[in-house]
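Single-structure report; data block below.
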Amino acid sequence: MTGTPPLAGVRVLELGTMYAAPTAGRMLRDFGADVVKVEPPGTGDYARQWTPRKDGLALGFSRLNAGKRSVAVDLRRAEGRDLVRRLAARCDVVIESFRPGRLESWGLGYDTLRADNPGLVLTRVSGFGQTGPYRERPGFGTVAETGSGFAYVNGWPQTPPTSPPFGFADSIAGIAAAMGTAMSLFRRERTGAGDVVDVALYEPLMFIVGDMILKYQTSGEIQGRVGNGTGSASPRGIYQAADGGWLSIAASNQTIAERLFAAMGRPDLLLDPRFATNVARMANNDAIQAEVSAWVASRPRDEILAVLEKHEVVTSAVNDARDIVADPHFRERTLVELTGNDVLGRVLMPGPVLHLAGSAPPGYDGVPEIGQHTDEILAELLGLDEGERATLRAAGVTAPA
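The sequence shown begins at 0 in numbering that gives the first Met the number 0 and counts up one residue at a time.
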């Protein structure tokens, strides 16, 4: 694949920090956009302070911001806000994740930015969105995971509602923001008009768990936590093999359930009225899960996986990070090398979330230092000479790396 990426020539000004908005920026950068990241001088994006770290470098920040260009501008100062407004006039997209109203209070609302740049796409990521009674509330991923209903149904009946130990809501919101940005850019190609993309952190996640909302309205039942089951198909779950290894099985339709019973050497299970159909199996879920669990526990994981794959049952080992890095499929298709950073060395990380046949995959050539590209961007986009840039540095409006 050697074709031009679909977003080549698109310039993005990223004002977002932490997780969701930088995820959107990375999605766009993955497909060819030039992403210019604006950070506060000195401190930078707060995600630089996150753990885990290696020799002071935050790994999560590295994953989301590799290949972007960093400009250090103090948005608390009028001169800094003026620089950002001028930079936005030279960009196709602005991504921001401030609380609703903050940009407007700085004189950087969409009406102002659009007056300079009618085709601008402003992508806004916030806790609860730009409208509604909760619009001014602060919100991070944990709030989105609990407010959306996800945490309530995640976990086991005997455990508390559970949020995941990673940026789940933020990641999904970032991907949704990138999709909205791409759609707005597509529309701009046809109409010339810019747009505002409004993403609330909780909404993409609420979409994913939306069946439980319909279930309540149609039956009055409030879905609870069911462990590794879905509450809609059986048998499905995570099972432990004889050697202690874990694997998943998803018999989510009748054909796969029949293949599973054949793999188990138990085609007779289909003759049992308790297990003949998915509706019956759901009504007798504990009993069928006990049958599957006992079979998986009878042999080592690799043997069970081999039998299941032979019978075309939907299955996977439960991978940890070591398994993922060693897996030949993931190394060929999914993992990419993060290069150009002496602290990290040669490491692999997940690449683009999808593949396009007509364009080459991106490279990830290092993690920017705070303000590393300040002079470069101000000269390239705004035509500021060294004297003008030096004046801004001396005043503390900008900062070099």
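Note that the Cβ used here is the ideal one computed from N, Cα and C, for glycine as well.
Residues that DSSP places opposite residue i in a beta bridge
i: residue 364; result: 338
i: residue 239; result: 245
i: residue 397; result: 72
i: residue 309; result: Answer is none; residue 309 lacks a bridge partner.
i: residue 315; result: 247
i: residue 349; result: 334
i: residue 387; result: None; residue 387 has no bridge partner.
i: residue 125; result: 199
i: residue 52; result: 57
i: residue 303; result: For residue 303, which the question treats as bridged, DSSP gives no partner whatsoever.
i: residue 406; result: Nothing can be reported for residue 406: it is not among the residues displayed for the chain, which extend from 0 to 400.
i: residue 38; result: 71
i: residue 33; result: 10
Straight-line gap, residue i to residue j (C-alpha atoms, nearest Å)
i: residue 291; j: residue 241; result: 13 Å
i: residue 175; j: residue 23; result: 8 Å
i: residue 306; j: residue 262; result: 6 Å
i: residue 167; j: residue 243; result: 28 Å
i: residue 273; j: residue 129; result: 50 Å
i: residue 29; j: residue 9; result: 12 Å
i: residue 185; j: residue 7; result: 13 Å
i: residue 348; j: residue 20; result: 19 Å
i: residue 238; j: residue 269; result: 21 Å
i: residue 179; j: residue 188; result: 14 Å
i: residue 45; j: residue 17; result: 6 Å
i: residue 221; j: residue 214; result: 8 Å
i: residue 149; j: residue 275; result: 31 Å
i: residue 299; j: residue 203; result: 39 Å
i: residue 138; j: residue 197; result: 14 Å
i: residue 125; j: residue 89; result: 24 Å
i: residue 281; j: residue 165; result: 31 Å
i: residue 356; j: residue 398; result: 41 Å
i: residue 303; j: residue 317; result: 13 Å
i: residue 293; j: residue 163; result: 29 Å
i: residue 181; j: residue 101; result: 24 Å
i: residue 84; j: residue 194; result: 17 Å
i: residue 333; j: residue 112; result: 38 Å
i: residue 401; j: residue 277; result: Because the chain spans 0 through 400 in this model, residue 401 falls outside it and cannot be assessed.
i: residue 296; j: residue 63; result: 40 Å
i: residue 271; j: residue 246; result: 26 Å
i: residue 142; j: residue 310; result: 42 Å
i: residue 404; j: residue 336; result: Outside the modelled stretch of the chain, which goes from 0 to 400, sits residue 404, for which no answer is possible.
i: residue 230; j: residue 210; result: 11 Å
Buried versus exposed, by CB contacts within 10 Å (16 or more), residue i
i: residue 144; result: buried
i: residue 48; result: exposed
i: residue 50; result: exposed
i: residue 104; result: exposed
i: residue 235; result: buried
i: residue 206; result: exposed
i: residue 192; result: exposed
i: residue 36; result: buried
i: residue 308; result: exposed
i: residue 372; result: buried
i: residue 146; result: buried
i: residue 140; result: buried
i: residue 75; result: exposed
i: residue 285; result: exposed
i: residue 327; result: exposed
Closer than 7 Å to chain D by CB, residue i
i: residue 2; result: The question asks about chain D, but that chain is absent: this structure has only one protein chain.
Run through the stretch 5-30 for me and flag every whole alpha helix (DSSP H) of 4 or more residues, listed as ranges in chain order.
The stretch 5-30 contains these whole alpha helix (DSSP H) runs: 19-29.
What are the uninterrupted segments assigned as beta strand (DSSP E) that are 3 or more residues long and contained completely in the stretch 165-234, given in chain order?
194-199
With contact counted as at least three CB pairs below 8 Å, one residue from each stretch, are the stretch 106-124 and the stretch 37-45 in contact?
No contact exists between the stretch 106-124 and the stretch 37-45.
So, do the stretch 153-163 and the stretch 223-237 have three or more beta carbon pairs nearer to each other than 8 Å?
yes
Taking contact to mean 3 or more Cβ pairs, one atom from each stretch, closer than 8 Å, check whether the stretch 386-395 and the stretch 351-361 are in contact.
no
Any chance the stretch 85-99 sits against the stretch 54-69, with 3 or more Cβ pairs inside 8 Å?
no
Quick check: the stretch 76-96 against the stretch 51-64, are there 3 or more CB pairs under 8 Å?
no
Pick out the complete alpha helix (DSSP H) segments inside the stretch 238-298, 4 residues or longer, and give them in chain order.
Segments of the alpha helix (DSSP H) lying fully in the stretch 238-298: 253-262, 277-282 and 284-295.
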